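Visitor: Quick one: this structure, given as structure tokens, is what I'll be asking you about.
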Amino acid sequence: MNISAFDALEDDHAVQRNLCHDLETVADGLPALPRSEEILRLCEAIQRVTVLHFSRAERLFAGLPLAHRPGPAFLSALHEMHQFDRMHGEDLASELCRSIEPGAERDVGKLSYMLRCFFDGCRRAIALKESGIEIARRGLMPG
């Protein structure tokens, strides 16, 4: 088992936690929004996390030696969580980008809900993966 792969995954989680914090700050500041540059940075970060980080985590867990690999229920749950978060992320990034267009009207309730769906889901997936990392490191991953 490659322990450094888990370290890389935990580094991804630090990036994801920072993104969740930044998005929660946006939600807490509504109806005001950050400057356009910050919105674009957040949209790029959402894309990077949902495309790169999520697939890296799924590949890592699926590629573990059998004695350390999570069972099918874990892998399925993780994939499903990532699918929901990816979909929420795409919708959120689109809505954020639309919200900074000149003259765009904002539905603050909708945007708040979308922000919270993404960062709550992302945090749940992080918790699942970190429990899997801890158990796999000890070689006790249940089937």
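Quick note: the sequence shown uses the UniProt record's numbering, first residue 1, plus one each step.
For every residue, glycine included, the Cβ atom is placed at its ideal position computed from N, Cα and C.
Bear in mind the structure is a predicted one, so any value in this text is a computation, not a measurement.
1. Is the number of C-beta pairs between the segment 87-102 and the segment 38-55 that are closer than 8 Å three or more?
2. Taking the CB atoms as reference points, tell me whether residue 49 and residue 19 lie closer together than 9 Å.
3. Under a Cβ-count criterion, where at least 16 other Cβ atoms within 10 Å of its own Cβ denotes burial, should residue 102 be classed as buried or exposed?
4. Smallest Cα separation from residue 126: which of 34, 57, 73, 76?
5. Since residue 39 is in the alpha helix (DSSP H), which residue starts that stretch and which ends it?
6. Rounded to whole angstroms, what is the Cα-Cα separation between residue 75 and residue 61?
7. Counting only the same chain and skipping the five closest in sequence on each side, list residues whose C-beta sits under 7 Å from that of residue 84.
8. Helix or strand or just coil, what does DSSP make of residue 100?
9. Nearest CA to the CA of residue 135: which residue from 64, 119, 113?
10. Could you tell me the alpha carbon to alpha carbon distance between residue 111 and residue 46, rounded to whole angstroms?
11. Quick check on the burial criterion: 16 or more other C-beta atoms within 10 angstroms. Buried or exposed for residue 23?
12. If we count the other Cβ atoms within 10 Å of its Cβ and call it buried at 16 or more, is residue 21 buried or exposed?
13. How many Å lie between residue 107 and residue 36 at the Cα?
14. Roughly how many angstroms separate the alpha carbons of residue 53 and residue 139, rounded to a whole number?
Guide: Reading from the atomic positions:
1. Here the segment 87-102 makes contact with the segment 38-55; the two share three or more CB pairs at distances below 8 Å.
2. Yes, the pair counts as a contact, with Cβ atoms nearer than the cut-off.
3. Exposed is the call here.
4. For residue 126, the closest alpha carbon among the candidates 34, 57, 73, 76 is that of 57.
5. Residues 36-48.
6. Using only the alpha carbons, I get a separation of about 7 Å.
7. Contacts found: 121.
8. Collapsing the DSSP output to three states places residue 100 in coil.
9. The shortest C-alpha separation from residue 135 is found at 64.
10. Roughly 15 Å between the two C-alpha positions.
11. Under the 10 Å beta carbon count, residue 23 is surrounded by 16 or more other beta carbons and is classified as buried.
12. Residue 21 comes out exposed.
13. Cα to Cα, residue 107 sits roughly 17 Å from residue 36.
14. Each residue's alpha carbon lies about 23 Å from the other.
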